[in-house]
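Below: the structure, in C-alpha cells.
Structure (C-alpha cells):
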C-alpha cells in the first residue's frame, strides 16, 4: 500500500454549511503500488439539527491510544479503515459497498471492540440461514457468542448475540432486559428495508432501538446512503457516518451469449466501458426460433435452454462446456424458477467435472451430514437423486430443497467440490459464496404479475457473486440472451445504478397494538419517525420549487380576451365530443359494413396525428384511401366467440400512402401520411375507428395490386378525383338519406351540433386571425394549472402525517372488534394479537375467541393453521377431506367478516383477495404429519417441493409458539397445553433437523 491522498469532494473546506443535517465529506484515495489502481471511498457525516460539532473533526490517521480491538492479517482498504476509525470514535456508521468488498471486516471489528470494552453487541441479519452461518463464523473467532432465530436459542446471555431482525423487534416490544444493555447494534444487509413485506421490521427496529446505542449498518451499494444516514441522525439525535465505495476488489467483465450462437461477446470491459459494436454483433448472431420448433412446450418454454433437435447439445450444455474448457469455473448459473434450475442441471447428464478423490470426498461429506437423518428420510428421492449429480461436480440450490441438502451443497461449493451450481436468485442474498463466473440463464423474470427485464439492482446483486477476492484477476458475467434486446435496455441492466433504498413502511395491527402496550410507545410517534415520513418530508422543498416554477411559467402566458377565448374553447370541446358521438354511431359496423365494398373512397386518420386542438380530426391529420377489403378481428376469449357480428371489431384494408421506417434492429414500422407527402403506396390494415368519413364515390381497382405500378396508378386516380371535387368537397354518404340511420341518439347529437355551429358564427373571437395560436396558448396554460393542482395534492399528503388516516381507520377496527378501548388501552383480545406476528393476527385471534381451537382435535388444529403460513399457488390442488374442509370454510367466513369490517372502517382492502390468501393446499399433508406419518409418506400425497413444505411446517411451529405465549398472557392454560401438544406432534425428524452450521 502506498501513500494516502485526501481530497475534499466539496471544495477546500471539509465541512458543508449547516443544513437540516450538516455534513463532513472526504474522498479518500489509495494507490496500490503493485497495480497502480486507485481505490476511492467517500466518507460523509450526517449530524442532527442543532448538533455542535466537536472542535477536531474525525481524523482517520490519528492513532488510537488504546490497542486496536482486532488486527487483520491483510492491509485494510480505505473504506474499512475509515469505518473502523468511526467505531473507535464511538459513532454510528453506514458502510455501503459491493458484495464481497469486505463489509464483514467492519462488523467483526465492532464485535471485537465491544468485547474489549466489556459491552454487549447485537448482530441482526435478514434470514435464519445467514444468522446460522454468521453465528458459526463469529463463534469460532470470539467464543462469547449466542444465537436467537426463533427456531434455535443458544447461549442467550452471551455478550454478542446473533439474531434475525424479527427477533430483535419482538425483544424490544417485550421490554427484554437485553435492550437496556446493548452498546452496539449491527444491522447486516440493511437494504432489505425496501422489501415489500418484511422491510417494515427494519424501520420499527431502528426507530425503537435504545437511544444510547450506536449502530453499524452494512448495505449493498445504494445511491441514497446519505439520505438514510440523515434519517438515523434525526431519529437518534447522534452523528451517523457514511462510508461509501464503488470499489470492486475483483473487476468484472460482462459478456453476451446469443441463443443458438457459438461464442461470447464482450459488451462491458473491466474498466466499465460499454462496447456498442460487440453488442450489435452478439444480437446479429441470435438464431431465430422457427414456429414449428418443439421448444415452445406449453407456451412456458424457457428460451435457448432446452435440448436442441436431433440430440444437439443445448445452449446451456455448450455454455458450461466452454466455461470448463477456459477454466472459468466455479460457475453459478442463475435461473428464476426452482423447476428450471433442476431441469437445466439434468441437462448436464453427460458432464463429469470431478476426479475420483473429489468424488470420494463428496460422498464422505454428504453421508456424514445425512447421518442425523433417520433411515426412512435417507431414502427420500431428493436425497438419493442429488448425490450422483453432486459427485460429478454439479449442484442445485433453491428454496424447494431440503434445508440440510442446501447446507451440504453450500459446504461442498465452499470447498471447491462443486464446479457448476444452478441456483435461484436467493443464493445471491447474504450468503458470501463467490464464484469465478456468474451466468444469467435468462434476462427476463416473472414477478408474480408479468414477465419483465431484470432491473439493474437485481443484476448488480447477482453479478456481484462473480470474482473471488485474492484468487481471480477478474470476475466474469455472462448473459444468455434469446430475443432482440435494445442496447438501452442492456446498458441499463449492465451499467445501471443500484436500486435506491426506499421505505416499504406499512401499518400492521400487531405493530399498532404493541405500540399502544409499550410504556412509552405511540403509533403516531413511530409514523413520525419512520423513514417513509422522512422521505416524504424530504420531497417538500423540491415540490414547492416545482410549484413556483410552474406558476411563474403560467403567469408569463398573457392571452387577450382570455374569458371570451375560454368560452369559445368550451364550445369547441362540446363540438368535439358531439362529433365523436356521431362518428361512433355512423361508423359502427351495423351501419358501415354494407358500404365498405372494394374501391370505396374513404378518409382516414394519419398516424402522425398531433391532436392539440379540440376538433375530431383537423384537415392536416386526414388522408384519403381506397377500401380493398375488411375482416372481423378474431376472438381471443370464449366470451368473444359468441359475440354478434354487429358488435364485433373489424379491420379494414385500405390502399393509401405510407412511409416505412426501420429501427436499429431492422424492425419495420409503417406510418400513414397525407397523399401529397412522399410515401409509397401500400395496403394497410386499420381499425374501423380510424376511418373518418365514407365517400359516395367508388373507383375501379385492378384485381392484382402486387405490382407497384398498379398501386401508383390507383392512387393517381384518387388524387385526380380529389382535384375535381376541390371546390365543393368530396361527396359523402349522408347518414340519414343514404345510410338510413334513424336512432334518436344520432338525431339528438346532430341537432346539438347544428345549434353549436350557429353559436360559432356569432362568436366574435372566432374571426380573430391568430385563433389557432391563442387556443394553443390557452391549452398550455390549462395544462400548467392541472400540473400545479396535482403537485399541490402531493404536497398536501406529504406535509400531513403519512398513514394518519389509515392509522385512524385501523384503530377504529381494533375498537369495533374489542381489541382496544377509545383511550388506547389494550384489551384481552388485543393482548393475544400482540403476540402474533408470523400470521394474520386478527383472523387468528377471532378463531381463538370463537372457540374454534377448543372443539377440534390437535391434528385438525395444526392442519387449519397451515392455511395461515402457505402462500405458494399450486395448480390443481385437491380439496382436503370433509372435516378439514368444514374447518377451512369456517376460516374463510371469519376472514370475510374481518375483511368486511375493515372495509366498513375505511381500511383499503380487497375482501375476496384477502379471503383467498388463506390457502388449503397443504392441509392434508400437515394433518398426516401431525398424525405421525413419515416425511416420505406425506411427500407422496402432495405435489409441493420438499423444502417449501419444511419451511411451511417450521413457520407453523413459529405461529404455534406465538399462540402458546398468547394463551399464557390471558391465562388460558388448557389452550396453552393444546398448542404445546401441537408443537410436540410436528417438531421432529427431518423437518426440524439441526443446521449443519450449528
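Numbering (this note's numbering), first residue to last: 2 to 999.
Glycine included, every Cβ here is placed at the ideal spot set by N, Cα and C.
By the neighbour-count criterion, in which a residue is buried when 16 or more other Cβ atoms sit within 10 angstroms of its Cβ, residue 472 is exposed.
Out of 426, 563, 587, the CA that lies nearest to the CA of residue 782 is found in 563. Residue 849 is classed as buried because its beta carbon has at least 16 other beta carbons within 10 Å across all chains shown. In the DSSP assignment, residue 625 falls within the beta strand (DSSP E) that extends over 623-633. As for any beta strand (DSSP E) of minimum length 3 sitting wholly inside the segment 319-405, the runs are 332-335, 395-398, ordered along the chain.
Between the segment 544-554 and the segment 759-767, the count of Cβ pairs shorter than 8 Å is below three; the stretches do not touch. Per DSSP, the unbroken beta strand (DSSP E) holding residue 694 starts and ends at 692-699.
A direct Cα-Cα distance of roughly 58 Å separates residue 828 from residue 253. Collapsing the DSSP output to three states places residue 724 in a helix.
Residue pairing from DSSP places residue 149 in a beta bridge opposite 154, 164. Residue pairing by DSSP places residue 446 opposite 453 in a beta bridge. Here residue 838 is not near residue 953, since their CB atoms are 8 Å or more apart.
Distance from the CA atom of residue 775 to the CA atom of residue 566, rounded to whole angstroms, is 8 Å.
Residue 125 sits close to residue 189, with the two beta carbons spaced by under 8 Å. Apart from sequence neighbours up to five positions away, the residues of its chain that approach residue 147 with a beta-carbon distance below 6 Å are 155, 156, 157, 159, 162, ordered along the chain. With a beta-carbon spacing of about 14 Å, residue 387 and residue 421 fall beyond the 8 Å limit used to define contacts. Between the C-alpha atoms of residue 478 and residue 171 there is a straight-line separation of about 41 Å.
The alpha-carbon of residue 249 is positioned some 15 Å away from that of residue 498. Per DSSP, the continuous alpha helix (DSSP H) segment holding residue 930 begins and ends at 924-931. Judged by DSSP secondary structure, residue 708 falls outside any alpha helix (DSSP H); it is assigned neither H nor E. In the three-state reduction of the DSSP assignment, residue 125 falls in the strand class, which pools E and B.
As the crow flies, the alpha-carbon of residue 138 is around 22 Å from that of residue 468. Shortest Cα-Cα distance from residue 200 to any of 531, 651, 992 involves 531. For the options 925, 571, 101, the alpha carbon positioned closest to that of residue 78 is the one of 101.
Excluding its 5 nearest sequence neighbours in each direction, residue 977 has C-beta neighbours in its own chain below 6 Å: 965, 968, 969, listed in chain order. Around residue 339, the same chain offers 399, 400, 401, 425, 946 as residues with beta carbons nearer than 8 Å, after the five sequence neighbours per side are excluded.
Counting along the chain, residue 759 sits inside the alpha helix (DSSP H) bounded by residues 745-763. Within a 10 Å sphere around the beta-carbon of residue 661 sit fewer than 16 other beta-carbons, which makes this residue exposed. The alpha-carbon of residue 653 is positioned some 24 Å away from that of residue 738. Between the segment 850-870 and the segment 881-897 there are three or more inter-stretch CB-CB distances shorter than 8 Å, so the stretches are counted as touching.
In this structure, DSSP gives residue 494 a helical state, which the three-state scheme calls helix. For residue 561, the closest C-alpha among the options 779, 597, 915, 216 is that of 779. Annotation: residue 223 to residue 671 spans about 43 Å, alpha carbon to alpha carbon.
Here the C-alpha atom of residue 268 lies approximately 16 Å from the C-alpha atom of residue 483. Residue 831 counts as buried, since no fewer than 16 other beta carbons sit within 10 angstroms of its beta carbon. Across the structure, residue 826 and residue 231 are spaced so that their CA atoms are roughly 34 Å apart.
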